[in-house]
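Below is one structure, written out as structure tokens; the observations come after it.
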Amino acid sequence: MAVRSDVINAGDQAIELSEESAQGWLGALNDIRLALGVRLNVENRTYEQLEILAPDDPMRAVFAVYTWLGWLQSGLIDALFLDIGSNS
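For the sequence shown, position 13 matches number 12 in numbering that gives the first Met the number 0, and the numbering has no gaps at all.
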């Protein structure tokens, strides 16, 4: 569980990832988003339908985490591509 140990060992410090660790993080983020997507029934709902969930709907918090993890995943992918570009 490299991802878990990265978080535990970092404490309040920023986490610096090797390319291998970043790949592990991407896999973990993807797995979590897939599980949340099943809970949200994303196959049968549009993004717009999920975005306007009622404030008291328990799925609203799930959708917020799902969206945030997508943002985090996208940022990590961008960083990996920037790193690849700078090493070329």
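Idealized CB from N, CA, C, for every residue including glycine.
Check	Outcome
Buried or exposed for tyrosine 65, going by 16 or more other Cβ atoms inside 10 Å?	buried
Report the three-state DSSP secondary structure of serine 17 (helix, strand or coil).	coil
Using alpha carbons as the reference points, say which of Asp77, Asp82, Ser73 lies closest to arginine 32.	Ser73
Counting along the chain, where does the alpha helix (DSSP H) carrying glutamate 47 start and finish?	46–50
Under the three-state reduction of DSSP, which class applies to alanine 78: helix, strand or coil?	helix
Verify whether the separation of the beta carbon atoms of leucine 79 and alanine 21 is less than 8 Å.	yes
Starting from the C-beta of aspartate 5, find all residues in its chain whose C-beta is less than 6 Å away, skip the five residues before and the five after it, and write them out in chain order.	Ile14
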